[in-house]
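Colleague: Residue numbers (the numbering used here): 1 to 776.
Provided herewith is a single structure, encoded as structure tokens, for subsequent inquiry.
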Amino acid sequence: MSSALFSWSRRRLRAGFLCIAAALLLMVSAGALTAARSSKWWWDNLGGPTSSHYVDLDQVNKANVGRLEVAWFYPYGNLGFNPIVVEDVMYVSGRNNALIALDASTGKEIWIHENIPGLSVRGVNYWQSTDGKDKRILFTTGPFLQALDAKTGKSVLAFGTNGHVDLRQGLDRGEYGVRVPNPGKVFENLLILGSAPGEGWMSPPGDIRAYDVQTGKLVWQFHTVPRPGEFGYETWPKDAYKYVGGANTWGEMSVDEARGIVYLPTGSGTYDFYGGDRHGANLFANCLLALDARTGKRLWHFQNIHHDLWDWDNVSAPQLVTIRHNGRRVDAVAMAGKTGFLYVFDRVSGQPIWPIEERPVPQTDVPGEQSWPTQPFPTVVPPFGRQHFTVDDINPWLLTKEQQDDWKARVPAMRNEGLFTPPALRETVSMPGNQGGSNWGTTAANPDKGYVYVLNIDAVAILKLDDVRQKVGGFQSMGAGIEAGRAAFNARCAECHGEDMKNPKDDAPSLVGVTERYSEDIIAQTVTGGYGNMRAVPNVDNVELTAILTYLAASSGSGGPAGRGAAPPAFPAGPVVASGGAPIPALQNASGATPPARRYPGNGANGGNAAYPEGVAVPATRYVSEWGVQALATKPPYSTLTAYDLNTGAIKWQIPTGDDPATIAAGGPKNTGSPMLRNGIMPTKAGLIFMAGNDGKMRAYDEETGKTVWEGPLPGPSRGVPAIYESKGRQFIVVAALPPGGGRGGAVGTNVPGGPAKPVDPNAPRGYIAFALPRR
């Protein structure tokens, strides 16, 4: 053989070996990624990219579900925080604002990264490289995005700038501040995020953004309040992007990974209840928005509320299902709204599966306002919630006789023309109220069968607009700072809870550490709507409420468990690997600019508001409303679980979601559902649907009938989306629940809503509670 031929053969052989090696490496890398994303794990926030909460597991089935027992519990749970599970490790939040890695089969601590200021209350997300060597936990802390090494629990300092990304950068009016309560979605090497930029005038816009998960660099940004030349710009007043905020995704989103499409529900433009400075339909507020997940390009949208005046943000995750329609299989997406409607579309084209009609609606009589003349109404798919409120809907159990008489006199005098009745200068009925309908964590699906599940809240809101100039101590002068919050707290809350938050009244729980146990919107809905022994705080407006929340977060973050006179828990020594998260600079204006004074129209040039750009038309005055939600005023059922069969568009069944202890204590019926419920629904391959209630019970329902087939005890209310997974051959259902009023470690005494104080066994399961079948 000649040397030339031999050299050629050797090169060819070496090239073949390299190709084989590369192929093997690719197979190993793909295998590592596939293993991390196995259907037996709860590896993504809300269970997976589609946010369906569905698990392809059937070890626990209708025949053996009655044998479920508590397998383990981890006592330091944060209500509302959604855990994730990957490769036998569960990532949770608890004990001193920490992120914690637990053994998913035993609940034993693996590592603790403690004391992370401002840690997001709704969960984290997970990403790993294709070779499995780089594994990260992605999360937000106030206006910052951070990453931890999932294996060690330590901050990834190469991420962003010294371990953090400032989410105010590149955002119009970012100096006003922004939060990201939900952890977004991981798609390939991107983390797609929405935001909660605030709900007052001049708040930042709710731009959708995607960041590189390895570097933290911004990859794309979609303007939800369009700029000149962008689609939808003409649906707002000229230059609205310079002052209008909101139109944001503060709730959940879903991803069709095969097509590379992210589906985003968006909320109202700001201000919520009066739009005199945002005339028009207001795209892309109140939309189901489909974007190219790699580029952020708009593919299609549907606006389900034009010029929102009711604070009917779209919040819950759009559900991706495959249905049989007109003799063919169709990939569909269904979005549940606060309106009580389910909107269903072709996932690719955005065309409604069944007609959605524009119908005339009642019009505003408020000076400066221009309500939209029509609104969309689905025609085939029936609503899942009540859309009216009359004297007959007044609650006979949770209101005193005097309160019932007052409501019976007031309701007939209110403006009350059904769904889409606009707020007025007199009391106005809004049903569903702005805390009703479908909210975060309240949708799920069996994707292959075409079933969609919606948790609905029936809670009326009574709105009444007031001239801002007449608000004493309110919008004219109050910001959302800590001192303003302290003043509002002392005026509104200290009588029952004490200036030190340690409850001078026996029936009032301590608020020490409350923001570590409950998300801000849960606290807000309790303040405005009441729950259990607590009645709604009257006439509290958005700015005052925001100030109170700011003060609670700043003042109670390191406190102990609730309960009269309870001391902070003595946490046992654990595997603490780090503390404080990535080092971040002092919280300063991202742009270096000083926010303009928050003055409002009524005097001076340009309506007296220095924040407005020149030439912008500003109404002579503005009008504001209290939050208005009156959860206790609405008769049962307070909440329901609805199963839709989207092969036909019909409701398969609808049931109340458990009991309300306060109603029962007042002599009312059982099976009323829980007021203001915010719990996730978890369907399984075995035809079971698991869901926790606020009545201290975990339930399993039959997928076909809605009948309860199992009940398991919990120490108290639950919030957020639980997790179902398989670890070491055993299927677990994990739910977060604490004694009512109880803290992270649990207080020894607590209050049951609507009932007397009861002792709580300090050794009873609490926090994250794992149910499983007995070991064989």
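Cβ atoms here follow ideal geometry from the backbone N, Cα and C, with glycine treated the same way.
Given the structure is predicted, the values throughout are model-derived calculations rather than measurements.
Roughly how many angstroms separate the alpha carbons of Leu714 and Gly269, rounded to a whole number?
Modeller: Locating residue 714 in the sequence shown gives position 714, where the first residue counts as 1. Locating residue 269 in the sequence shown gives position 269, where the first residue counts as 1. Roughly 39 Å separates the two Cα atoms.
Colleague: Which residue comes first and which comes last in the alpha helix (DSSP H) that contains Gly409?
Modeller: Position 409 of the sequence shown, counted from the first residue, corresponds to residue 409. First, the residue type needs correcting, since residue 409 is Ala and not Gly in the sequence shown. Segment 401 to 410, the alpha helix (DSSP H) holding Ala409.
Colleague: Looking at C-alpha atoms only, which residue of Ala582, Arg179, Leu57 is the closest neighbour of Thr161?
Modeller: Residue 161 sits at position 161 when you count from the first residue of the sequence shown. The candidate whose alpha carbon is nearest that of Thr161 is Ala582.
Colleague: Is DSSP giving Cys287 helix, strand or coil here?
Modeller: As a first step, residue 287 is located in the sequence shown; it is residue number 287 there, counting from the start. Reduced to three states, the DSSP call for Cys287 is strand.
Colleague: Pull the bridge partners of Gln435 from the DSSP assignment, please.
Modeller: Mapped onto the sequence shown, residue 435 falls at position 435. Note: Gln435 sits in no beta bridge, so no partner.
Colleague: Less than 8 Å between the CB atoms is what I'm expecting for Gly80 and Arg719, so what's the real figure, rounded?
Modeller: Sequence index remark: in the sequence shown, residue 80 carries index 80 (1-based). Sequence index remark: in the sequence shown, residue 719 carries index 719 (1-based). Indeed they touch by this definition, with Cβ atoms about 4 Å apart.
Colleague: Going by C-alpha to C-alpha distance, which of Glu87, Glu252, Ala494, Glu495 sits closest to Gly729?
Modeller: Against the sequence shown, residue 729 aligns to sequence position 729. If we check each option's Cα against that of Gly729, Glu87 comes out closest.
Colleague: Which full runs of the alpha helix (DSSP H) of 4+ residues lie inside the segment 166 to 230, going along the chain?
Modeller: Whole alpha helix (DSSP H) segments, 4+ residues: zero.
Colleague: With DSSP as the reference, label Ile323 as helix, strand or coil.
Modeller: Residue mapping note: residue 323 aligns to position 323 of the sequence shown, counting from 1. Of the three classes helix, strand and coil, the one that applies to Ile323 here is strand, per DSSP.
Colleague: With DSSP collapsed to three states, give me the class of Pro762.
Modeller: The count along the sequence shown starts at 1 and reaches residue 762 at position 762. Of the three classes helix, strand and coil, the one that applies to Pro762 here is coil, per DSSP.
Colleague: What does DSSP give as the partner residues of Gln630 in its beta bridges?
Modeller: Here residue 630 corresponds to residue number 630 of the sequence shown, with the count starting at 1. Partner(s): Val460.
Colleague: For the alpha helix (DSSP H) holding Thr663, just list the boundary residues, first then last.
Modeller: The sequence position of residue 663 within the sequence shown is 663, counting from 1. Looking at the DSSP string, the run of the alpha helix (DSSP H) that includes Thr663 is 661 to 665.
Colleague: Closest to Ser195 by CA distance: which of Met253, Glu626, Gly437 is it?
Modeller: Position 195 of the sequence shown holds residue 195. It is Met253.
Colleague: I want to know whether the segment 329 to 336 touches the segment 392 to 406 - three or more CB-CB distances under 8 Å.
Modeller: No contact exists between the segment 329 to 336 and the segment 392 to 406.
Colleague: Entirely within the segment 44 to 101 and at least 3 residues each: give me those beta strand (DSSP E) ranges in chain order.
Modeller: List check, beta strand (DSSP E) in window: 69 to 74, 84 to 86, 89 to 94.
Colleague: Less than 8 Å between the CB atoms is what I'm expecting for Val366 and Ala424, so what's the real figure, rounded?
Modeller: Against the sequence shown, residue 366 aligns to sequence position 366. Against the sequence shown, residue 424 aligns to sequence position 424. So it is a contact: roughly 6 Å between Cβ atoms.
Colleague: From what residue to what residue does the alpha helix (DSSP H) around Glu358 run?
Modeller: Numbered from 1 along the sequence shown, position 358 holds the residue referred to as residue 358. From DSSP, Glu358 is part of no alpha helix (DSSP H) but of the beta strand (DSSP E) over 356 to 360.
Colleague: Mind checking who Thr374 pairs with in its DSSP beta bridge?
Modeller: The count along the sequence shown starts at 1 and reaches residue 374 at position 374. Looking at the DSSP assignment, Thr374 forms a beta bridge with Pro360.
Colleague: Looking at the C-beta of Ile689, does it have a partner C-beta in chain B at a distance below 7 Å?
Modeller: Of the protein chains in this structure there is only one, and it is not chain B.
Colleague: Please report the Cβ distance between Tyr76 and Arg95, rounded to the nearest whole angstrom; I am assuming they are in contact, meaning their Cβ atoms lie under 8 Å.
Modeller: Within the sequence shown, the letter at position 76 stands for residue 76. Within the sequence shown, the letter at position 95 stands for residue 95. With 8 Å as the limit, Tyr76 and Arg95 qualify as a contact, their Cβ atoms being about 4 Å apart.
Colleague: Count the other C-beta atoms from every protein chain shown that fall within 10 angstroms of the C-beta of Ser438, then say buried if there are 16 or more, exposed otherwise.
Modeller: As a position in the sequence shown, residue 438 is number 438, starting the count at 1. Buried, by the Cβ-count rule.
Colleague: How is Pro596 classed by DSSP in three states: helix, strand or coil?
Modeller: Position 596 of the sequence shown holds residue 596. Only weak support exists for where Pro596 lies, its pLDDT of 47 falling under 50; the value from the coordinates is given anyway. Coil.
Colleague: Exposed or buried, Asp406, counting other C-beta atoms within 10 Å across all chains shown (16 or more means buried)?
Modeller: Counted from its first residue, the sequence shown places residue 406 at position 406. Its Cβ having fewer than 16 others within 10 Å, Asp406 is exposed.
Colleague: Take the Cβ of Phe771 as the centre, count every other Cβ of all protein chains shown within 10 Å, and call the residue buried at 16 or more, exposed below.
Modeller: Here residue 771 is taken as the residue at index 771 of the sequence shown, counted from 1. Buried, because 16 or more other Cβ atoms sit within 10 Å of the Cβ of Phe771.
Colleague: Kindly provide the ranges of any alpha helix (DSSP H) runs that are 4 or more residues long and lie completely inside the segment 230 to 308, ordered along the chain.
Modeller: For the segment 230 to 308, not a single whole alpha helix (DSSP H) run of length 4 or above is found.
Colleague: Could you tell me which residues DSSP puts in a beta bridge with Arg778?
Modeller: With the chain represented from 1 up to 776, any question about residue 778 goes unanswered, as that position is not in the structure.
Colleague: If you count every other CB in all the chains shown that lies within 10 Å of the CB of Asn694, and 16 or more means buried, which is it?
Modeller: In the sequence shown, residue 694 corresponds to position 694, counting from 1. So Asn694 counts as buried.
Colleague: Under 7 Å, do Asn61 and Ala650 count as touching if we go by C-beta distance?
Modeller: Here residue 61 corresponds to residue number 61 of the sequence shown, with the count starting at 1. Here residue 650 corresponds to residue number 650 of the sequence shown, with the count starting at 1. Not closer than 7 Å, so no.
Colleague: Beta-carbon within less than 6 Å of Glu402's beta-carbon, same chain only, minus the 5 sequence neighbours each way: which residues are those?
Modeller: Within the sequence shown, numbered from 1, the residue matching residue 402 stands at position 402. Closer than 6 Å at Cβ, skipping near neighbours: no residue.
Colleague: In the DSSP assignment, what residue or residues form a beta bridge with Asn446?
Modeller: Looking up residue 446 in the sequence shown gives position 446. Note: Asn446 sits in a beta bridge opposite Tyr451.
Colleague: Counting along the chain, where does the alpha helix (DSSP H) carrying His497 start and finish?
Modeller: As a first step, residue 497 is located in the sequence shown; it is residue number 497 there, counting from the start. Run containing His497: 494 to 497, per the alpha helix (DSSP H) assignment.
Colleague: Does the segment 135 to 144 come into contact with the segment 164 to 174, if we say contact requires no fewer than three beta-carbon pairs (one atom in each stretch) closer than 8 Å?
Modeller: With the cut-off at 8 Å, the segment 135 to 144 and the segment 164 to 174 touch.
Colleague: For Gly184, which residues of its own chain have a beta-carbon under 6 Å away from its beta-carbon, when the five flanking residues on both sides are left out?
Modeller: Position 184 of the sequence shown, counted from the start, is the residue given in the question as residue 184. If we look at Gly184 and ignore the five residues flanking it on each side, its Cβ neighbours are Leu191, Ile192, Leu193.
Colleague: May I ask you to verify whether the segment 49 to 67 touches the segment 243 to 262, counting CB pairs closer than 8 Å and requiring at least 3?
Modeller: They touch, by the three-pair rule.
Colleague: Which of the three DSSP states, helix, strand or coil, is assigned to Ala770?
Modeller: As a position in the sequence shown, residue 770 is number 770, starting the count at 1. Looking at Ala770 - three-state DSSP - the assignment turns out to be strand.
Colleague: Measuring CB to CB, does Asn314 end up less than 7 Å from Pro265?
Modeller: As a first step, residue 314 is located in the sequence shown; it is residue number 314 there, counting from the start. As a first step, residue 265 is located in the sequence shown; it is residue number 265 there, counting from the start. For Asn314 and Pro265, yes; Cβs fall inside 7 Å.
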